[in-house]
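Enquirer: Dumping the structure here so I can ask a few things about it.
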Amino acid sequence: MTKVTLETLSSLCKRRGFIYQGSEIYGGMAGTWDYGPLGVALKRNITNLWWQTFVEKRDDIYGLDSSILMSPRVWEASSHITTFSDPIIEDLKTNKQYRLDHILEENQIKTNDMSFEKMMKQVSQKKILSPEGNTLGNAKRFNLMFQTQIGPVSKGSLKTYLRPETAQGTFTNFKNIVDSFYPDLPFGIAQIGKNFRNEISPRDYIFRSRELEIMEFEYFVISKDWDKYFDKLKDLTKDWYINKLKLSANNIREREINKDERAHYSQKTVDFEYKYPMGFKEIGGISYRADFDLLNHQRLSSKSLEYTIKGTTTKVIPHVIEPTFGLDRNVLAVLSEAYSEDEINNEKRVFLKLPNHLAPVKVAVFPLIKNKPEIIKKAKEVYAVFKKEIMFVMWDDSGNIGKRYRKQDEIGTPYCLTIDYDSLKDGTITLRQRDTTSQKRMKIEESLKLIKDSIRI
RNA sequence: GCGGGAUUCGUAUAAUGGCUAAUAUGCUAGCCUUCCAAGCUUGAGAUGUCGGUUCGAUUCCGUCAUCCCGCACCA
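Each residue of the first sequence is one higher than the one before, counting from -11 in this note's numbering.
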C-alpha cells in the first residue's frame, strides 16, 4: 500500500467526482459531505454487498428500513436523552473545556446517577478546581442529538430528535417482525440508514461527520448463549473487512473496550480499527446490549415485547448482539487501501487499486484514434454491448490513449478496452489491465466474459 | 469548544496597496496521432463571507465560514 495523506485523497476525490464538501457554494458546512457520481457508485457497491452478505444470503436475518423521525419516547426509553449528552465545564483562566463528570471523578466523587444540577452544586460547594488548579465556571450540557420540531411550531408541536442510531427503529419493530414471521431464536434484523450526531468537532475528512450512514443488525439470542454468538458474529465482522472489502489483515485490528469507555447500553464491546492515513481508528464494532433496549421499551410502552419459545410456554426477553459498520468509514478505508503510486517511463502514475467488485466503473471503452469514423463506429457498437451487460461502463475519446488510461487509473477502473484497425478486420480488441498495465488481444465476447467473471465476488 | 496555521480558476501552485491576477494540469472546440499524460490552435474558468482603514484592498485590520495541526470530546 502506498502511503497517502487525507489531503491527497480528498483532493483526488473532489477532482474526480467521488466526494464533495457539503453546501460548498455557500462556503461549506462542517461535518457534511456529498457523494458525487463515482462516490455514490462505490458506496452502493458496498451497501449492496453488505445487504447481500448479511440479509439476502442468510435465512436468519430480516431486512428493515425504519423512519428517521420517531416518537421522543423512543429516546427516553433508550436513555439517549439523559445519557447521550456530555456535561462540559470550562476552566475560567485557560478557557479549556473538560468533562464535568470526569473532573468530579478525579476528586473521588462518584457521579453515576448524579443529575447535572447536582454535579454543579458539588463544584461550588466543595471548591473543585480544574486539573491546572484554576476556578471552574460556565458549565453546560451538550446533547449530541439534533433536535427538531414536528407540526406547527406555535401550538401543539412535538419536539423530537433526528435518530443518532438506527438500532432503536429495529427494537420498536421487534414485535412486528415476530408477529409477521415468528422466526426461531436466534435471528437478526438488519438496517442501513442515515444517522445524525451533533459532533463537537467533525474531523479527518469523512471519518467523523455529523450526518453518517450506518449498516448494522441486531441479533436476538437467548441470554445464556450470548457469548457464543458474540464470538461468531465477531468472526463474521472480521470476514467482511478482510474477504469482502479486501482490506489487508495488517491494517485491521480488534480492540476490546473497557467498562469506562463503553456506551451506556453495552456490557461488552469490541471495536474494529483500521489503519487510516491518520492512524488506527474505529471502523466499526460489535456490542452486547443484553436486554437493555427491549426491556426499557416494554416498560415505557406497556406493550409486551416478550418472545415465547416455540413448543413451550416459556417467555423471554431476548438478548441482543449488535455488529455495526460505519459506511462512510468503510468507504474511506477502501479508498485509503486502494490509493497507489508507481512509475511508468519516469512519470508518476496514480491509481486506485480497488477490488473489481467495488470499483465504480468496471470498464472503459476507447477508440484508438478519434478521426477515423469506422473505428469510432465500431467502438460505439462495442460500448453499447458492454453497457447492456455491465452496469457502469465509460466512454472516452479525448486526448490520446495514454491520457485516457491514466484517467481511468485514477478512478480505479480495472479494465480498459481499445478498438483499433484490427478490430474492424477480425473483431478483436485490446484489453488493458489497471494494476499491471499489461495488454492482451482477444475477441470481444471473450473480454466480456472475462470482465463479467472478474467483477463477481 | 480552546490554541496555532491556512483559504487565489476543477486541481496543484505563483504574484501584487493601482495596467487585462500568472503558470502547469484538467476542461471546451478543432487539427494531428496505429496503444501508456506527444504536438499545434481555440475558448471558458479564481482572490471564501461580511465589514473597516484607504482616493483605491485579493493584498493591511476585524468578523464569520470552512479546512489542516495540537488539546479536549467521540454516548
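Glycine included, C-beta positions come from ideal geometry on N, C-alpha and C.
Whether or not the stretch 43 to 58 and the stretch 280 to 299 are in contact is what I'm after, with contact meaning three or more pairs of Cβ atoms, one per stretch, closer than 8 Å; do they touch?
Expert: Output reads no: the stretch 43 to 58 does not touch the stretch 280 to 299.
Enquirer: Once DSSP output is grouped into helix, strand and coil, what is the label at V322?
Expert: As a position in the first sequence, residue 322 is number 334, starting the count at 1. In the structure shown, V322 sits in a helix (DSSP, three-state: H, G or I).
Enquirer: Name the one or two DSSP bridge partners that L57 has.
Expert: Looking up residue 57 in the first sequence gives position 69. Note: L57 sits in a beta bridge opposite L150.
Enquirer: Would you say the stretch 184 to 194 touches the stretch 221 to 236, given that touching needs at least three Cβ pairs under 8 Å?
Expert: No contact exists between the stretch 184 to 194 and the stretch 221 to 236.
Enquirer: Keeping to the same chain, check which residues put their C-beta closer than 6 Å to that of K256; ignore five residues upstream and five downstream.
Expert: Along the first sequence, one-based indexing puts residue 256 at 268. For K256, where only same-chain residues beyond five positions count, the Cβ hits under 6 Å are Y276.
Enquirer: On the DSSP bridge assignment, give the partners of Q135 in chain order.
Expert: Position 147 of the first sequence holds residue 135. Y149.
Enquirer: Shortest alpha-carbon distance to F380 belongs to which of H90, L315, H345 and W228?
Expert: Indexing the first sequence from 1 puts residue 380 at position 392. Nearest C-alpha to F380: H345.
Enquirer: Provide the residue(s) that pair with L200 in DSSP beta bridges, ordered along the chain.
Expert: Within the first sequence, residue 200 is the residue found at index 212, counting from 1. DSSP, once it has assigned bridges, lists N183 as partnering L200.
Enquirer: Using a threshold of 9 Å, state whether the C-beta atoms of R198 and A18 are closer than that.
Expert: The residue given as residue 198 occupies position 210 in the first sequence. The residue given as residue 18 occupies position 30 in the first sequence. Yes, the pair counts as a contact, with Cβ atoms nearer than the cut-off.
Enquirer: Between the beta-carbon of G24 and the beta-carbon of G10, is there less than 9 Å?
Expert: Along the first sequence, read from residue 1 onward, the residue named residue 24 stands at position 36. Along the first sequence, read from residue 1 onward, the residue named residue 10 stands at position 22. Against a cut-off of 9 Å, the Cβ pair of G10 and G24 comes out as no contact.
Enquirer: At the level of alpha carbons, what is the spacing between K368 and S145?
Expert: If you number the first sequence from 1, residue 368 lands on position 380. If you number the first sequence from 1, residue 145 lands on position 157. Straight-line Cα distance between these residues: approximately 58 Å.
Enquirer: When the distance is taken between beta carbons, is G272 closer than 9 Å to T302?
Expert: Locating residue 302 in the first sequence gives position 314, counting from the first residue. Locating residue 272 in the first sequence gives position 284, counting from the first residue. No, the Cβ-Cβ distance between T302 and G272 is not below 9 Å.
Enquirer: Which first and last residues belong to the alpha helix (DSSP H) in which S(-1) is found?
Expert: The sequence position of residue -1 within the first sequence is 11, counting from 1. Looking at the DSSP string, the run of the alpha helix (DSSP H) that includes S(-1) is L(-6) to R3.
Enquirer: Please report the straight-line C-alpha distance between A155 and E206, rounded to a whole angstrom.
Expert: Along the first sequence, one-based indexing puts residue 155 at 167. Along the first sequence, one-based indexing puts residue 206 at 218. Looking at the two C-alpha atoms, the distance is approximately 7 Å.
Enquirer: DSSP three-state call for A275: helix, strand or coil?
Expert: For the purposes of this step, residue 275 is identified with residue 287 of the first sequence, where counting begins at 1. One detail in the question is off: residue 275 reads as Ser in this sequence, not Ala. Looking at S275 - three-state DSSP - the assignment turns out to be strand.
Enquirer: Which of helix, strand or coil does DSSP assign to Y312?
Expert: Looking up residue 312 in the first sequence gives position 324. Correcting the residue type first, residue 312 is Thr in the shown sequence and not Tyr. Strand.
Enquirer: Run through the DSSP bridge pairs and tell me what W21 is partnered with.
Expert: Reading the first sequence from its first residue, position 33 is the one you call residue 21. DSSP, once it has assigned bridges, lists Q9 as partnering W21.
Enquirer: How many angstroms separate the CA atom of A372 from the CA atom of K291?
Expert: Counted from its first residue, the first sequence places residue 372 at position 384. Counted from its first residue, the first sequence places residue 291 at position 303. Looking at the two C-alpha atoms, the distance is approximately 57 Å.
Enquirer: Beta carbon of V209, beta carbon of I305: below 9 Å?
Expert: Locating residue 209 in the first sequence gives position 221, counting from the first residue. Locating residue 305 in the first sequence gives position 317, counting from the first residue. Going by C-beta atoms, V209 is not nearer than 9 Å to I305.
Enquirer: Which residue or residues does DSSP assign as beta-bridge partners of L405?
Expert: Start at 1 with the first residue of the first sequence, and residue 405 comes out as number 417. Answer by DSSP bridge pairing, in chain order: V353 and L419.
Enquirer: What are the boundary residues of the alpha helix (DSSP H) that includes W214?
Expert: Counted from its first residue, the first sequence places residue 214 at position 226. Residues W214 to D227.
Enquirer: Checking 9 Å against the spacing of the C-beta atoms, do D279 and H307 come in under that value?
Expert: By one-based count along the first sequence, residue 279 stands at place 291. By one-based count along the first sequence, residue 307 stands at place 319. In contact: D279 and H307 (Cβ atoms closer than 9 Å).
Enquirer: Is it buried or exposed for R420, if we count other Cβ within 10 angstroms and need 16 for buried?
Expert: For the purposes of this step, residue 420 is identified with residue 432 of the first sequence, where counting begins at 1. R420 should be labelled buried.
Enquirer: Per DSSP, what are the beta-bridge partners of E270 in this structure?
Expert: In the first sequence, the residue the question calls residue 270 occupies position 282. E270 is bridged to E261.
Enquirer: If R354 sits next to T416, beta carbons under 8 Å apart, how far is it from one beta carbon to the other, in whole angstroms?
Expert: On the first sequence, residue 354 is found 366 positions in, with the first residue counted as 1. On the first sequence, residue 416 is found 428 positions in, with the first residue counted as 1. Note that residue 354 is Phe in the sequence shown here, rather than Arg. Rounded, the Cβ-Cβ distance is 15 Å, inconsistent with contact.
Enquirer: Buried or exposed for L438, please, with buried defined as at least 16 other CB atoms from any protein chain shown within 10 angstroms of its CB.
Expert: Start at 1 with the first residue of the first sequence, and residue 438 comes out as number 450. Flag for L438 reads exposed.
Enquirer: Please identify the residue among H68, F134, G181 and E433 whose C-alpha is closest to the C-alpha of D414.
Expert: Taking the first sequence and counting its residues from 1, the one referred to as residue 414 is at position 426. Among H68, F134, G181 and E433, the Cα nearest to that of D414 is on E433.
Enquirer: Count the other CB atoms within 10 Å of the CB of F169; is the residue buried (16 or more) or exposed (fewer)?
Expert: Reading the first sequence from its first residue, position 181 is the one you call residue 169. The residue in question, F169, is exposed, as its Cβ has fewer than 16 Cβ neighbours within 10 Å.
Enquirer: In this structure, how does DSSP classify D385 when only helix, strand and coil are distinguished?
Expert: Here residue 385 refers to the residue found at position 397 of the first sequence. Note: D385 maps to coil in three-state DSSP.
Enquirer: Along the beta strand (DSSP E) that carries G51, what are the first and last residues, could you check?
Expert: Here residue 51 refers to the residue found at position 63 of the first sequence. Looking at the DSSP string, the run of the beta strand (DSSP E) that includes G51 is I49 to G51.
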